[in-house]
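Novice: Here the numbering used here is used: the first residue of the sequence shown is 11, the next is one more, and so on.
Every residue gets a Cβ at the ideal spot worked out from N, C-alpha and C, and that includes glycine.
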Amino acid sequence: MGEIPWREVDSFAPTALIHLAWIARPGVNFTSPENDLLVEQSAALFRGLVERGVRNLTGTGTFIEYATCPEPLVEDVSPLKPLVCYSRAKLATLEVLRDIAGHAGVDWSWFRVFNAYGEGEDAARMTSFLMRQLAAGTPVSVKTPESLRDYIHAADVAEGMLASIESGLTGIVNIGTGEGVRVLELARQIAITVGADPGLVTAQDPPNEDLMPCAIADSSKLRSTGWTPRVNLENGLQRLWQSIHSATR
11 MGEIPWREVD SFAPTALIHL AWIARPGVNF TSPENDLLVE QSAALFRGLV ERGVRNLTGT
71 GTFIEYATCP EPLVEDVSPL KPLVCYSRAK LATLEVLRDI AGHAGVDWSW FRVFNAYGEG
131 EDAARMTSFL MRQLAAGTPV SVKTPESLRD YIHAADVAEG MLASIESGLT GIVNIGTGEG
191 VRVLELARQI AITVGADPGL VTAQDPPNED LMPCAIADSS KLRSTGWTPR VNLENGLQRL
251 WQSIHSATR
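1. At the level of alpha carbons, what is the spacing between A133 and I254?
2. Mind checking F73: buried by the 16 CB within 10 Å criterion, or exposed?
3. Look at L30 and A99 and say whether their C-beta atoms are less than 8 Å apart.
4. Judging by CA-CA distance, which residue of T70, A225 and W118 is the nearest neighbour of P80?
5. Let me check one thing: in DSSP terms, what residues is G190 bridge-paired to?
6. Where does the unbroken beta strand (DSSP E) through L67 begin, and where does it stop?
7. Please list the segments of the alpha helix (DSSP H) lying wholly inside the region 69-137, counting only runs of 4 or more residues, in order along the chain.
8. How should A26 be labelled, buried or exposed, when 16 other C-beta atoms within 10 angstroms of its C-beta is the threshold for buried?
9. If you draw a straight line from the C-alpha of P87 to the C-alpha of I175, how long is it?
10. What beta strand (DSSP E) runs, 3 residues minimum, are completely inside the region 176-254?
11. Rounding to the nearest angstrom, what Cα-Cα distance links S157 and F56 in this structure?
12. With L27 as the anchor, note down where its beta strand (DSSP E) starts and where it stops.
13. Which whole-angstrom value is the C-beta distance of E129 and R249, which I expect to be below 8 Å?
14. Exposed or buried, which one is F173 when buried takes at least 16 other CB atoms within 10 Å?
15. Would you give the residue range spanned by the beta strand (DSSP E) that S42 belongs to?
16. Does the beta-carbon of T103 have 16 or more other beta-carbons within 10 angstroms, so that it is buried, or is it exposed?
17. Could you check if H163 is buried or exposed, using at least 16 other CB atoms within 10 Å of its CB as the buried criterion?
18. Let me check understanding here. Comparing Cα to Cα, which of A257, P208 and V193 lies closest to N218?
19. Going by Cα to Cα distance, which pick from V84, F40 and V106 is closest to T68?
20. For a test of the three-state rule: what should DSSP assign to S256, helix, strand or coil?
21. Based on Cα-Cα distance, which residue from W16, T137 and S52 lies nearest to I33?
22. Taking only the alpha-carbon atoms, compute the straight-line gap between I200 and L247 and give it to the nearest angstrom.
23. Can P92 and E75 be called in contact, C-beta distance under 8 Å?
24. Among W251, L59 and A77, which has the Cα closest to the Cα of D220?
25. Which residues mark the beginning and the end of the alpha helix (DSSP H) in which S21 is found?
Okay, here's the thing in C-alpha coordinates:
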(Lines of atoms letter the chains of each structure in order from A; the text may use other names.)
(Lines give C-alpha, C1' and ligand atoms only; values in the text may rest on other atoms or scores of the structure.)
Protein backbone atom coordinates (compact mmCIF):
# COMPACT_ATOMS: atom_id res chain seq x y z
CA MET A 11 0.00 0.00 0.00
CA GLY A 12 2.92 2.31 0.64
CA GLU A 13 2.84 5.26 2.99
CA ILE A 14 -0.68 6.30 3.97
CA PRO A 15 -1.42 9.92 2.88
CA TRP A 16 -2.97 11.01 6.17
CA ARG A 17 -3.23 14.66 5.13
CA GLU A 18 -5.46 13.70 2.20
CA VAL A 19 -7.42 11.33 4.43
CA ASP A 20 -8.03 14.11 6.94
CA SER A 21 -9.28 16.47 4.24
CA PHE A 22 -11.65 13.78 2.98
CA ALA A 23 -12.94 13.01 6.51
CA PRO A 24 -14.20 9.46 5.85
CA THR A 25 -16.75 7.79 8.11
CA ALA A 26 -16.18 4.23 6.86
CA LEU A 27 -13.45 2.11 5.27
CA ILE A 28 -13.50 -0.65 2.68
CA HIS A 29 -9.94 -1.98 2.54
CA LEU A 30 -9.29 -3.62 -0.85
CA ALA A 31 -5.58 -2.99 -1.38
CA TRP A 32 -3.43 -6.14 -1.57
CA ILE A 33 -1.00 -7.94 -3.83
CA ALA A 34 -3.13 -10.11 -6.10
CA ARG A 35 -1.08 -11.02 -9.18
CA PRO A 36 -1.40 -14.74 -10.02
CA GLY A 37 1.80 -16.69 -9.54
CA VAL A 38 3.14 -14.07 -7.13
CA ASN A 39 0.60 -13.34 -4.43
CA PHE A 40 0.53 -16.77 -2.77
CA THR A 41 4.20 -16.70 -1.78
CA SER A 42 5.24 -13.03 -1.81
CA PRO A 43 6.92 -11.68 1.37
CA GLU A 44 4.92 -8.52 0.69
CA ASN A 45 1.96 -10.27 2.31
CA ASP A 46 3.50 -9.90 5.77
CA LEU A 47 4.23 -6.22 5.15
CA LEU A 48 0.62 -5.67 4.13
CA VAL A 49 -0.58 -7.06 7.46
CA GLU A 50 1.46 -4.37 9.24
CA GLN A 51 0.31 -1.63 6.87
CA SER A 52 -3.31 -2.69 7.26
CA ALA A 53 -3.00 -2.49 11.04
CA ALA A 54 -1.61 1.04 10.75
CA LEU A 55 -4.50 1.97 8.46
CA PHE A 56 -7.12 0.60 10.86
CA ARG A 57 -5.58 2.30 13.90
CA GLY A 58 -5.15 5.62 12.13
CA LEU A 59 -8.73 5.70 10.92
CA VAL A 60 -10.14 4.77 14.33
CA GLU A 61 -8.15 7.64 15.83
CA ARG A 62 -9.79 9.91 13.24
CA GLY A 63 -13.29 8.89 14.23
CA VAL A 64 -14.11 6.29 11.60
CA ARG A 65 -16.84 4.05 13.01
CA ASN A 66 -17.01 1.28 10.42
CA LEU A 67 -14.01 -0.77 9.28
CA THR A 68 -14.27 -3.34 6.51
CA GLY A 69 -11.50 -5.58 5.22
CA THR A 70 -11.42 -8.01 2.31
CA GLY A 71 -10.30 -11.59 2.71
CA THR A 72 -10.35 -14.73 0.61
CA PHE A 73 -12.18 -18.03 0.47
CA ILE A 74 -8.87 -19.87 0.84
CA GLU A 75 -8.82 -18.91 4.50
CA TYR A 76 -11.20 -21.87 4.83
CA ALA A 77 -10.28 -25.54 4.92
CA THR A 78 -11.52 -27.49 1.92
CA CYS A 79 -14.99 -28.96 2.41
CA PRO A 80 -17.47 -30.78 0.13
CA GLU A 81 -20.29 -28.67 1.57
CA PRO A 82 -20.89 -24.92 1.13
CA LEU A 83 -18.61 -22.90 3.41
CA VAL A 84 -20.34 -21.04 6.23
CA GLU A 85 -19.03 -17.99 8.10
CA ASP A 86 -17.99 -18.71 11.71
CA VAL A 87 -18.89 -22.39 11.26
CA SER A 88 -16.66 -23.96 8.60
CA PRO A 89 -13.12 -24.70 9.79
CA LEU A 90 -10.21 -22.54 8.71
CA LYS A 91 -6.94 -23.81 7.26
CA PRO A 92 -4.88 -21.19 5.43
CA LEU A 93 -2.20 -23.09 3.51
CA VAL A 94 -0.24 -20.34 1.77
CA CYS A 95 1.41 -17.08 2.79
CA TYR A 96 -1.38 -15.06 1.13
CA SER A 97 -4.25 -16.68 3.04
CA ARG A 98 -2.31 -16.74 6.32
CA ALA A 99 -1.66 -13.00 5.97
CA LYS A 100 -5.32 -12.35 5.23
CA LEU A 101 -6.38 -14.29 8.31
CA ALA A 102 -3.83 -12.41 10.42
CA THR A 103 -5.26 -9.13 9.11
CA LEU A 104 -8.74 -10.26 10.12
CA GLU A 105 -7.52 -10.87 13.67
CA VAL A 106 -5.90 -7.42 13.75
CA LEU A 107 -9.11 -5.84 12.47
CA ARG A 108 -11.25 -7.67 15.01
CA ASP A 109 -8.93 -6.63 17.85
CA ILE A 110 -8.66 -2.96 16.88
CA ALA A 111 -12.38 -2.59 16.21
CA GLY A 112 -13.26 -4.40 19.43
CA HIS A 113 -11.08 -2.17 21.60
CA ALA A 114 -12.37 0.97 19.86
CA GLY A 115 -16.00 -0.09 19.99
CA VAL A 116 -16.56 0.33 16.24
CA ASP A 117 -18.33 -1.91 13.74
CA TRP A 118 -16.27 -4.21 11.56
CA SER A 119 -16.86 -6.64 8.74
CA TRP A 120 -14.72 -8.95 6.65
CA PHE A 121 -15.63 -9.97 3.13
CA ARG A 122 -14.53 -13.46 2.08
CA VAL A 123 -14.61 -13.20 -1.69
CA PHE A 124 -14.76 -16.39 -3.75
CA ASN A 125 -13.49 -16.78 -7.35
CA ALA A 126 -14.06 -13.29 -8.73
CA TYR A 127 -13.53 -12.50 -12.40
CA GLY A 128 -14.46 -9.69 -14.75
CA GLU A 129 -13.48 -6.88 -17.05
CA GLY A 130 -10.16 -5.23 -16.26
CA GLU A 131 -8.72 -8.24 -14.45
CA ASP A 132 -5.03 -9.14 -14.64
CA ALA A 133 -4.23 -10.87 -17.93
CA ALA A 134 -2.56 -13.67 -15.97
CA ARG A 135 -5.78 -14.66 -14.20
CA MET A 136 -7.08 -18.00 -15.36
CA THR A 137 -10.24 -16.76 -17.09
CA SER A 138 -8.41 -14.14 -19.16
CA PHE A 139 -5.43 -16.41 -19.83
CA LEU A 140 -7.64 -19.21 -21.12
CA MET A 141 -9.57 -16.80 -23.33
CA ARG A 142 -6.42 -15.64 -25.06
CA GLN A 143 -5.04 -19.16 -25.44
CA LEU A 144 -8.22 -20.65 -26.84
CA ALA A 145 -8.96 -17.69 -29.11
CA ALA A 146 -5.54 -18.28 -30.65
CA GLY A 147 -6.37 -21.95 -31.23
CA THR A 148 -3.92 -23.16 -28.59
CA PRO A 149 -4.90 -26.45 -26.90
CA VAL A 150 -5.44 -26.24 -23.15
CA SER A 151 -4.91 -29.03 -20.63
CA VAL A 152 -6.77 -28.35 -17.37
CA LYS A 153 -4.54 -29.34 -14.47
CA THR A 154 -7.31 -29.73 -11.84
CA PRO A 155 -10.35 -30.53 -14.02
CA GLU A 156 -12.66 -31.87 -11.32
CA SER A 157 -12.08 -29.09 -8.79
CA LEU A 158 -15.23 -27.16 -7.89
CA ARG A 159 -15.11 -23.38 -7.71
CA ASP A 160 -17.64 -20.61 -7.05
CA TYR A 161 -17.14 -18.08 -9.86
CA ILE A 162 -18.66 -14.64 -9.27
CA HIS A 163 -18.54 -11.60 -11.54
CA ALA A 164 -16.83 -8.50 -10.16
CA ALA A 165 -20.01 -6.45 -10.57
CA ASP A 166 -21.85 -8.83 -8.25
CA VAL A 167 -18.97 -8.67 -5.76
CA ALA A 168 -19.19 -4.87 -5.68
CA GLU A 169 -22.97 -4.90 -5.30
CA GLY A 170 -22.65 -7.49 -2.55
CA MET A 171 -20.21 -5.32 -0.62
CA LEU A 172 -22.51 -2.32 -0.95
CA ALA A 173 -25.57 -4.31 0.12
CA SER A 174 -23.72 -5.65 3.16
CA ILE A 175 -22.58 -2.22 4.32
CA GLU A 176 -25.89 -0.47 3.66
CA SER A 177 -27.77 -3.23 5.50
CA GLY A 178 -25.46 -3.03 8.51
CA LEU A 179 -24.11 -6.56 8.35
CA THR A 180 -21.11 -7.09 10.62
CA GLY A 181 -18.57 -9.85 11.10
CA ILE A 182 -17.52 -12.21 8.34
CA VAL A 183 -19.55 -12.15 5.13
CA ASN A 184 -19.10 -14.61 2.27
CA ILE A 185 -19.41 -13.16 -1.23
CA GLY A 186 -20.11 -15.92 -3.71
CA THR A 187 -22.93 -17.30 -5.83
CA GLY A 188 -23.36 -20.52 -3.88
CA GLU A 189 -23.01 -22.52 -7.10
CA GLY A 190 -20.08 -24.79 -7.88
CA VAL A 191 -18.62 -25.14 -11.37
CA ARG A 192 -15.97 -27.68 -12.35
CA VAL A 193 -12.82 -26.04 -13.68
CA LEU A 194 -13.06 -28.24 -16.78
CA GLU A 195 -16.60 -26.96 -17.43
CA LEU A 196 -15.41 -23.39 -17.02
CA ALA A 197 -12.65 -23.89 -19.59
CA ARG A 198 -15.08 -25.42 -22.09
CA GLN A 199 -17.53 -22.57 -21.57
CA ILE A 200 -14.68 -20.14 -22.22
CA ALA A 201 -13.93 -21.94 -25.49
CA ILE A 202 -17.54 -21.49 -26.57
CA THR A 203 -17.47 -17.84 -25.51
CA VAL A 204 -14.45 -17.01 -27.68
CA GLY A 205 -15.71 -19.06 -30.63
CA ALA A 206 -13.13 -21.83 -30.27
CA ASP A 207 -13.59 -25.58 -30.51
CA PRO A 208 -14.35 -26.94 -27.00
CA GLY A 209 -12.34 -29.98 -28.08
CA LEU A 210 -9.22 -27.86 -27.56
CA VAL A 211 -9.87 -28.28 -23.83
CA THR A 212 -8.78 -31.55 -22.25
CA ALA A 213 -8.39 -32.84 -18.72
CA GLN A 214 -4.82 -33.48 -17.59
CA ASP A 215 -4.35 -37.14 -16.69
CA PRO A 216 -3.34 -37.62 -14.01
CA PRO A 217 -4.51 -34.27 -12.62
CA ASN A 218 -2.42 -32.12 -10.32
CA GLU A 219 -3.16 -32.30 -6.62
CA ASP A 220 -5.45 -29.47 -5.57
CA LEU A 221 -5.07 -28.39 -1.94
CA MET A 222 -8.66 -27.09 -2.05
CA PRO A 223 -10.63 -29.28 -4.48
CA CYS A 224 -13.98 -27.83 -3.46
CA ALA A 225 -14.79 -24.23 -2.50
CA ILE A 226 -18.42 -23.07 -2.69
CA ALA A 227 -19.87 -20.22 -0.65
CA ASP A 228 -22.87 -20.38 1.60
CA SER A 229 -24.09 -16.87 0.84
CA SER A 230 -27.19 -16.96 3.06
CA LYS A 231 -25.96 -14.11 5.25
CA LEU A 232 -25.43 -11.76 2.32
CA ARG A 233 -28.64 -12.87 0.61
CA SER A 234 -30.56 -11.88 3.76
CA THR A 235 -30.04 -8.28 2.63
CA GLY A 236 -31.96 -8.93 -0.59
CA TRP A 237 -28.77 -9.18 -2.63
CA THR A 238 -28.58 -11.84 -5.30
CA PRO A 239 -25.99 -12.30 -8.06
CA ARG A 240 -27.29 -10.88 -11.34
CA VAL A 241 -24.52 -11.86 -13.79
CA ASN A 242 -24.53 -15.56 -14.62
CA LEU A 243 -21.37 -17.31 -15.76
CA GLU A 244 -22.26 -17.30 -19.47
CA ASN A 245 -23.01 -13.57 -19.53
CA GLY A 246 -20.07 -12.73 -17.30
CA LEU A 247 -17.63 -14.53 -19.57
CA GLN A 248 -19.13 -12.79 -22.60
CA ARG A 249 -18.60 -9.42 -20.95
CA LEU A 250 -15.02 -10.28 -20.10
CA TRP A 251 -14.28 -11.52 -23.62
CA GLN A 252 -15.80 -8.40 -25.19
CA SER A 253 -13.53 -6.23 -23.06
CA ILE A 254 -10.43 -8.26 -23.98
CA HIS A 255 -11.35 -8.42 -27.67
CA SER A 256 -12.04 -4.68 -27.83
CA ALA A 257 -8.71 -3.87 -26.19
CA THR A 258 -6.74 -5.93 -28.72
CA ARG A 259 -8.38 -4.59 -31.88
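Specialist: The relevant details are as follows:
1. 9 Å
2. It counts as buried.
3. no
4. A225
5. DSSP output for G190 lists no bridge partner at all.
6. N66 to T72
7. 95-114
8. exposed
9. Here the sequence assigns Val to residue 87, which means Pro is not the residue at that position. Whole-angstrom Cα-Cα distance: 22 Å.
10. When DSSP assignments are scanned along the region 176-254, the uninterrupted stretches of beta strand (DSSP E) that are 3 or more residues long and fall wholly within it turn out to be 181-185 and 211-213.
11. 36 Å
12. From DSSP, the beta strand (DSSP E) with L27 extends over A26 to H29.
13. 6 Å
14. The identity of residue 173 in the sequence shown is Ala, whereas the question assumes Phe. Label assigned to A173: buried.
15. Looking at the DSSP string, S42 is not in any beta strand (DSSP E), and its letter there is neither H nor E.
16. buried
17. buried
18. V193
19. Nearest option by C-alpha distance: V106.
20. Residue state, collapsed to three classes: helix.
21. S52
22. 7 Å
23. yes
24. Here the closest residue by C-alpha is A77.
25. Per DSSP, S21 belongs to the alpha helix (DSSP H) from W16 to F22.
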